[in-house]
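Asker: One structure is given below, represented as structure tokens, and several questions about it will come after.
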Amino acid sequence: MTTAQPATLAEALPRIRAVLAEFPKGVGERDLAFEHPDTLIRALAEAGFGRLRVPVEFGGFGVGLPALFELLAEAGQADSNIPQIWRGHFTTTEVLRAETDPVVREHWLRVAGQGAVFGNAQSEPSAIVAEAVAAQGESTTGWGVTTTRVRTDENGDRFVSGTKFYSTGSRFADYIRAAVASEDGVRSFVVIPARHPGVTHVDDWDGVGQRQTGSGTTLFADVPVEPHGDIGRYRESLRGLDSFVQIVHLANLAGIARSLVAETTDIVRARTRTSLHALTQNAAADPEVLGVIGLLEARRLTAETLLRHAAQRLEAAHASGEESDYTAAYLDTSAAQIAVIEAVLDAATRAFDAGGSSAVRNSVHLDRHWRNARTLASHNPVVYKPRVIGDFVVNGVAPVPGYYTNRPSAADAEERTAQ
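Residue numbers for the sequence shown follow this note's numbering, so the first one is 969 and each next one is one higher.
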């Protein structure tokens, strides 16, 4: 770290917001040039952004989920790459907050509380997964197949080798939370150093949106597992995580909605002419144009309201600890996902109606909002959520959290040990 970390949340928030204020400067140019905001992401870390959910006793600020997601919405308005980059970090701190091993929990929360940043390396290239599924001779999903392996040498040291894709945030990180399979095929998470010589970050993410998130390929070649590096081994550490990772996207989408209102309003105010059929030559007084801005504002309110509701439902589930409340939180998050995506994609399309032909120029950068929102909508694909919700409403079938796949419970492990 190049500067002293803030000691309190009151000290951190002005610094965090000062860094966020720098992101909009050149955000459109960075998007066109595929330029990563490396310096600004490091500045956010130094301002204490990654410590937001770390408990106070371990050097963090211990903010609640509604406060975290509001700050992520602010970040999404500044640059929608930010929440995506930090998603793996905040997911890791959520796992650590519920970690069942007290030594592992304290060790890594203290590391995060000192300002370290975690990246994500969970998913694998579809071709590699398909090959593994074919080799197993059975049909399964990507959740259940992990080809990245941990090997143990003669000294008992462990090393990770494999290939990951959608490894969002890893190029900006100090450590990586990697999904791996042991030599006997058991899937788990381990922590590995992000800047070890055996880690290669390939800048090959070619998505239409979210271009500066580092979401491409990461190669591991005998990368050592960190001491106390086994995290999230049991289901108890992963409760609510399916909701959490999606609410990060909702916060990001809410931020995009805010940007659409602000940037389109600026476009309208700067217009010097209107269309042939306009009722006025002043765009800022044109009823149709004002109607567009009003619709964008309504879409923003929809996104923000549903974001707040989803955050509060997950916070309540953590407070009760009841599995039924986690199910309710996930279902509400899924419903919010449907409505927020529809609202923000609609806003990102309608915004062009307020700006005329000049709004489609690359120099205006308005198109990036639709591309970024469309990319976020394709993560944890929204197409499946209406059916999941409907199956619960009609048949009472609760969705099974994806993070539970191949994960034992701590209670079952204790019982086996006792036997």
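Where is the CB? At the ideal position from N, CA and C, for every residue including glycine. Since the model is a prediction, treat every value here as computed from it, not as a measurement.
Tell me which residues share the same chain as T1343 and place their Cβ nearer than 7 Å to its Cβ, disregarding the 5 neighbours each side in the sequence.
Answerer: Reading the sequence shown from its first residue, position 375 is the one you call residue 1343. Within the same chain, T1343 has close Cβ partners G1175, V1176, G1177 and Q1178.
Asker: Determine the burial state of R1055: buried for a count of at least 16 other Cβ atoms within 10 Å of its Cβ, exposed for fewer.
Answerer: Residue mapping note: residue 1055 aligns to position 87 of the sequence shown, counting from 1. That one is buried.
Asker: In whole angstroms, give me the CA-to-CA distance for A989 and A1046.
Answerer: Counting from 1 along the sequence shown, the entry for residue 989 is found at position 21. Counting from 1 along the sequence shown, the entry for residue 1046 is found at position 78. Answer to the nearest angstrom: the Cα atoms are 7 Å apart.
Asker: Taking contact to mean 3 or more Cβ pairs, one atom from each stretch, closer than 8 Å, check whether the region 1149 to 1167 and the region 1177 to 1197 are in contact.
Answerer: The region 1149 to 1167 is in contact with the region 1177 to 1197.
Asker: When DSSP labels each residue in this structure, what does E1106 get in the three-state scheme?
Answerer: Working through the sequence shown from its first residue, we reach residue 1106 at position 138. Residue confidence is low: E1106 scores 41 on pLDDT, short of 50, so the model does not pin down where it sits. Its coordinate-derived value is still stated next. E1106 falls in the coil class under three-state DSSP.
Asker: Please tell me whether I1053 and T1181 are closer than 8 Å, where the distance is taken between their beta carbons.
Answerer: Working through the sequence shown from its first residue, we reach residue 1053 at position 85. Working through the sequence shown from its first residue, we reach residue 1181 at position 213. Yes; because the gap between Cβ atoms is below 8 Å, this pair is in contact.
Asker: Between P1023 and G1030, which are expected to be in contact by the criterion C-beta below 8 Å, what is the C-beta distance as a whole number of angstroms?
Answerer: Residue 1023 sits at position 55 when you count from the first residue of the sequence shown. Residue 1030 sits at position 62 when you count from the first residue of the sequence shown. The Cβ separation is near 5 Å, so the contact holds.
Asker: Starting from N1088, follow the beta strand (DSSP E) in both directions and report where the run begins and ends.
Answerer: Your numbering for residue 1088 matches position 120 in the sequence shown. It spans F1086 to A1089 - the beta strand (DSSP E) in which N1088 sits, taken as one unbroken run.
Asker: If we ignore side chains and look at the alpha-carbon of each, how far apart do E1003 and L1228 end up?
Answerer: If you number the sequence shown from 1, residue 1003 lands on position 35. If you number the sequence shown from 1, residue 1228 lands on position 260. Approximately 22 Å, taken between the alpha carbons.
Asker: Starting from T1185, trace the beta strand (DSSP E) in both directions and tell me its first and last residue.
Answerer: As a first step, residue 1185 must be located in the sequence shown, where it is residue number 217. That run of the beta strand (DSSP E) goes T1185 to P1192.
Asker: Below 8 Å CB to CB, which residues in the same chain sit around K993 once its five sequence neighbours on both sides are set aside?
Answerer: As a working note, residue 993 is residue 25 in the sequence shown. Cβ neighbours of K993 beyond the five flanking positions: none.
Asker: Using a Cβ distance threshold of 8 Å, determine whether the region 1290 to 1305 contacts the region 1135 to 1147, with at least three qualifying pairs required.
Answerer: Cβ pair count under 8 Å is below three, so no.
Asker: I'd like to know if the region 1192 to 1204 and the region 1311 to 1327 are in contact, where contact means that at least 3 CB-CB pairs between them fall below 8 Å.
Answerer: Short answer: they don't touch.
Asker: If we require 4 or more residues per run, which alpha helix (DSSP H) segments fall completely within the region 1020 to 1097?
Answerer: Entirely contained in the region 1020 to 1097, the alpha helix (DSSP H) runs reaching 4 residues are, in chain order, 1033 to 1046, 1049 to 1065 and 1070 to 1081.
Asker: Give the single residue among G1324, L1275, I1224 and R1268 whose Cα lies nearest to the Cα of L1244.
Answerer: Translated into positions along the sequence shown, residue 1244 becomes position 276. Considering only alpha carbons, the answer is G1324.
Asker: Quick check: what's the CA-CA separation for A1011 versus A1084?
Answerer: Along the sequence shown, read from residue 1 onward, the residue named residue 1011 stands at position 43. Along the sequence shown, read from residue 1 onward, the residue named residue 1084 stands at position 116. A1011 and A1084: Cα-Cα distance of roughly 12 Å.
Asker: Determine, using beta carbons only, whether G1197 and L1206 come nearer to each other than 8 Å.
Answerer: Counting from one through the sequence shown, the residue named residue 1197 turns up at place 229. Counting from one through the sequence shown, the residue named residue 1206 turns up at place 238. The answer is no: Cβ separation not under 8 Å.
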